[in-house]
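Here the sequence shown is numbered in full-length UniProt numbering, starting from 1 and rising by one per residue. Backbone N, C-alpha and C fix where the C-beta goes; we use that ideal spot for every residue, glycine too. Only a predicted model underlies this, so the values are computations on that prediction, with no experimental measurement involved. Some notes on the structure that comes next.
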Amino acid sequence: MTEATKETLGFQTEAKQLLQLMIHSLYSNREIFLRELISNASDAADKLRFESLKNAALLEQDADIKIRIDHDAEANTITISDNGIGMNKDEVISNLGTIARSGTAEFISKLSGDESKDSQLIGQFGVGFYSAFIVADKVDVYTRRAGSPASEGVHWESTGEADFSIESCERAERGTSIVLHLKEDAKEFAEGFRIRNIVKKYSDHIALPVVMKSQPQPEYDDEGNAKETTAEPVDEVVNNATALWTRSRSEVSDEEYNEFYKLISHDFQEPLKWSHNKVEGKLEYSSLLYIPAKAPFDLYNRDADRGLKLYVQRTFIMDEAEQFLPMYLRFIKGVVDSNDLSLNVSREILQQDPAVDSMKSALTKRVLDMLSKMAKNDEEAYGKFWAEFGQVLKEGPAEDFNNREKVAKLFRFSSTVSEGSAQDQSLEAYVERMKEGQSKIYYVAAENLTTAKNSPHLEVFRKKGVEVLLLTDRVDEWLMGHLVDFDGKQFEDVGKGALDLGELDSEEDKKAAEELASNNKDLVERIQGAVGDKVEAVRVTSRLTDSPACLVVGEADMGAQMRRLLEQAGQAVPESKPIFEINPEHPLVTKLDVEQDEDRFAELANILFDQAQLAEGGSLEDPAAYVRRLNKLLLELSK
Numbered sequence: 001m002t003e004a005t006k007e008t009l010g011f012q013t014e015a016k017q018l019l020q021l022m023i024h025s026l027y028s029n030r031e032i033f034l035r036e037l038i039s040n041a042s043d044a045a046d047k048l049r050f051e052s053l054k055n056a057a058l059l060e061q062d063a064d065i066k067i068r069i070d071h072d073a074e075a076n077t078i079t080i081s082d083n084g085i086g087m088n089k090d091e092v093i094s095n096l097g098t099i100a101r102s103g104t105a106e107f108i109s110k111l112s113g114d115e116s117k118d119s120q121l122i123g124q125f126g127v128g129f130y131s132a133f134i135v136a137d138k139v140d141v142y143t144r145r146a147g148s149p150a151s152e153g154v155h156w157e158s159t160g161e162a163d164f165s166i167e168s169c170e171r172a173e174r175g176t177s178i179v180l181h182l183k184e185d186a187k188e189f190a191e192g193f194r195i196r197n198i199v200k201k202y203s204d205h206i207a208l209p210v211v212m213k214s215q216p217q218p219e220y221d222d223e224g225n226a227k228e229t230t231a232e233p234v235d236e237v238v239n240n241a242t243a244l245w246t247r248s249r250s251e252v253s254d255e256e257y258n259e260f261y262k263l264i265s266h267d268f269q270e271p272l273k274w275s276h277n278k279v280e281g282k283l284e285y286s287s288l289l290y291i292p293a294k295a296p297f298d299l300y301n302r303d304a305d306r307g308l309k310l311y312v313q314r315t316f317i318m319d320e321a322e323q324f325l326p327m328y329l330r331f332i333k334g335v336v337d338s339n340d341l342s343l344n345v346s347r348e349i350l351q352q353d354p355a356v357d358s359m360k361s362a363l364t365k366r367v368l369d370m371l372s373k374m375a376k377n378d379e380e381a382y383g384k385f386w387a388e389f390g391q392v393l394k395e396g397p398a399e400d401f402n403n404r405e406k407v408a409k410l411f412r413f414s415s416t417v418s419e420g421s422a423q424d425q426s427l428e429a430y431v432e433r434m435k436e437g438q439s440k441i442y443y444v445a446a447e448n449l450t451t452a453k454n455s456p457h458l459e460v461f462r463k464k465g466v467e468v469l470l471l472t473d474r475v476d477e478w479l480m481g482h483l484v485d486f487d488g489k490q491f492e493d494v495g496k497g498a499l500d501l502g503e504l505d506s507e508e509d510k511k512a513a514e515e516l517a518s519n520n521k522d523l524v525e526r527i528q529g530a531v532g533d534k535v536e537a538v539r540v541t542s543r544l545t546d547s548p549a550c551l552v553v554g555e556a557d558m559g560a561q562m563r564r565l566l567e568q569a570g571q572a573v574p575e576s577k578p579i580f581e582i583n584p585e586h587p588l589v590t591k592l593d594v595e596q597d598e599d600r601f602a603e604l605a606n607i608l609f610d611q612a613q614l615a616e617g618g619s620l621e622d623p624a625a626y627v628r629r630l631n632k633l634l635l636e637l638s639k
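As structure tokens, this is what we get:
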């Protein structure tokens with residue numbers, strides 16, 4: 001090994017920022033580094049087991065896979081080693097010099113400088129190897145990929161500053177050894193008893209032995225003096241090394257479930273809920289499913305890696321098997337271990353296996369049942385879940401027709417009976433409160449809650465005491481295109497098409513509306529001429545009580561929320577014009593009706609149209625013209 005073979009490379013920008021945060025003691029719970037490094041070692045072992053199914057030579061006559069921890073209090077070091085898959089040079093540069101995960105820049109932008117808050121964000125993001133720098137001021141990594149010659153070992157070194165060095169080295173053993181040169185204030189982690197306690201606390205349940213050297217127990221003479229011994233330290237397994245999901249639920253404590261979740265998810269927070277189940281019969285498999293407390297930064301990236309850890313007969317197969325849960329449940333973490341799949345299963349084979357379809361159906365039902373129980377028995381926890389994952393769950397009705405109603409029961413919305421901005425109303429509760437004679441579930445879609453609450457379309461519903469859902473999430477209008485009905489009740493957008501209140505309108509109401517439309521035909525025609533081709537049509541409204549006018553979307557047209565969603569995605573949006581509805585009983589409209597000057601009539605009619613557009617949260621095509629008309633009117637009134 002010569003100095004000439006050594007390269008110095010720079011960290012990826014985002015990696016530098018994360019390293020600096022950790023080096024300056026962002027975490028209050030520093031011991032978490034050992035869990036992260038043991039978890040990575042376990043992943044490396046799992047990958048070796050999987051690859052060795054096809055190529056047994058990778059085991060190199062050493063099938064006893066384990067993790068070893070060595071410590072040296074005098075040198076102030078701790079070494080975590082595994083004989084897993086290992087890395088070649090390119091993999092070392094990729095895995096240890098960059099953060100290969102989408103959303104990194106967004107994550108960095110979220111950091112506030114408040115250590116307690118930022119540590120929670122990092123918990124959502126997961127940092128793995130980089131956590132070593134919480135306790136170390138220098139890290140050496142020695143690694144060789146399984147199947148490579150001893151001469152292709154790699155030595156990586158860094159102090160966690162701007163760069164790292166990498167060079168070739170001789171390494172007889174496959175796998176990876178990480179040497180942490182501990183900071184002065186982290187000497188406690190070079191003590192054996194401290195390391196054992198951490199392993200038992202965080203990594204007791206990985207299905208792989210964690211081994212440490214154990215000093216032999218001293219022997220004593222008759223006078224109680226310790227005898228001299230030449231016995232060598234022996235290997236001791238310091239963790240349970242039994243896959244947690246294979247144990248009975250009654251044998252596993254809540255703390256063990258929580259720590260196992262952190263191990264497999266690299267999350268620093270405890271999960272909201274979990275479900276541990278063993279199925280026997282036609283299919284045999286075990287599952288352990290978790291609902292996280294916080295959404296990851298790449299939650300809305302549908303192309304990001306997702307899925308459950310898949311084991312077959314306790315042998316690791318793949319890390320992110322997405323075939324076992326639908327896309328709208330991609331936030332679920334956990335493990336599934338099957339006795340009915342082949343050990344040489346691949347992603348392609350999984351897509352064609354009928355057993356997988358059966359398991360997917362059952363696991364989906366289990367997750368939905370878990371959420372239903374949480375919603376019923378722990379409203380506070382469910383409120384936290386909904387705030388994090390509600391928009392993703394709304395993808396369900398479009399993707400999972402068989403569970404459409406079950407998923408819809410989990411939805412929470414704001415409505416005209418909600419307190420403040422809370423999304424706390426279920427569709428079941430809405431149906432229970434429906435007025436006598438009400439046959440539809442009414443909703444209004446708007447860009448934000450303030451616009452929705454103040455929408456003129458709600459006026460007739462307030463008058464009649466009818467509840468309306470306030471839909472403000474960007475996916476809501478798209479959702480309603482797939483949900484269609486609930487509990488036999490059709491959904492109706494109160495801002496689209498002709499308003500149909502059914503039996504909520506009395507015969508007197510209907511007759512009065514017909515007379516109003518008939519008596520104002522001339523006014524409607526004048527306004528139509530004034531606003532011209534800005535609108536599809538002008539008509540008398542039956543939905544307003546306090547406002548002079550409003551805009552309505554055609555029955556078959558796309559709503560404003562959906563149009564914005566498509567425009568933001570760069571999609572073409574079809575042309576459409578609104579329907580302009582007027583309230584002839586409003587004082588402004590009655591004054592407009594008697595205006596004789598046609599030019600002034602046109603100015604006032606266009607002001608009403610622009611105001612209706614603004615009330616819907618829309619933007620004006622020609623705001624300068626609106627300001628000019630309004631200023632002219634104000635000047636006239638001030639004379």
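Per DSSP, reduced to three states, the secondary structure at THR159 is coil, with no helix or strand assignment. Contiguous beta strand (DSSP E) elements confined to the segment 227-314 occur at 234-237, 273-279, 285-291, 308-312, taking only those with 3 or more residues. Assigned with DSSP and collapsed to three states, ARG174 falls in coil, not helix or strand. For LYS138, the pairing in a beta bridge is given by DSSP as HIS181. With a contact defined as Cβ atoms closer than 8 Å, ALA445 and GLN561 qualify at about 5 Å. DSSP, reduced to helix, strand and coil, places GLY529 within a helical segment of the structure shown. From the listed residues LYS183, VAL312, SER214, GLU603, the smallest Cα separation to PHE193 is found for SER214.
Under DSSP, SER542 forms no beta bridge with any residue.
In this structure, the straight-line span from the alpha carbon of HIS266 to that of LYS200 is close to 17 Å. Here DSSP, grouped into helix, strand and coil, assigns LYS464 to helix.
Closest in C-alpha terms to LYS464, from the list PHE331, LEU504, SER131, comes LEU504. Of the other Cβ atoms in all chains shown, 16 or more fall within 10 Å of the Cβ of ASN583; this residue is therefore buried. Residue pairing by DSSP puts HIS71 in a beta bridge opposite ILE78. The DSSP-derived three-state label of GLY97 is helix. Straight across, the Cα-Cα distance linking ASP473 with ARG366 is about 27 Å.
LEU479: member of the alpha helix (DSSP H) spanning 476-483, first to last residue.
A direct Cα-Cα distance of roughly 15 Å separates GLY396 from LEU363.
Residue pairing for ALA321: DSSP places it in a beta bridge opposite LEU308. When C-alpha distances from GLY495 are compared across ALA452, HIS586, ARG144, THR545, the shortest belongs to ALA452. Ranked by Cα distance from ASN40, the options TYR300, ARG330, LEU470, LEU208 are led by LEU208. In the DSSP assignment, ALA537 forms a beta bridge with ILE579. Shortest Cα-Cα distance from LEU633 to any of GLU621, ALA612, ARG600, ALA624 involves ARG600. Ranked by Cα distance from PHE129, the first of ASP597, LEU34, ASP493 is LEU34. Less than 8 Å divides the Cβ of LEU182 from the Cβ of VAL135. The beta carbon of SER418 lies closer than 7 Å to those of ASP424, GLN425 in the same chain, with the five residues before and after it left out.
A distance below 8 Å separates the beta carbons of LYS360 and LEU325. With a 10 Å radius around the Cβ and a threshold of 16 neighbouring Cβ atoms, THR143 comes out buried.
Residue pairing by DSSP places ILE166 opposite GLU7, TRP156 in a beta bridge.
Beta-bridge pairing by DSSP links LYS496 to VAL553.
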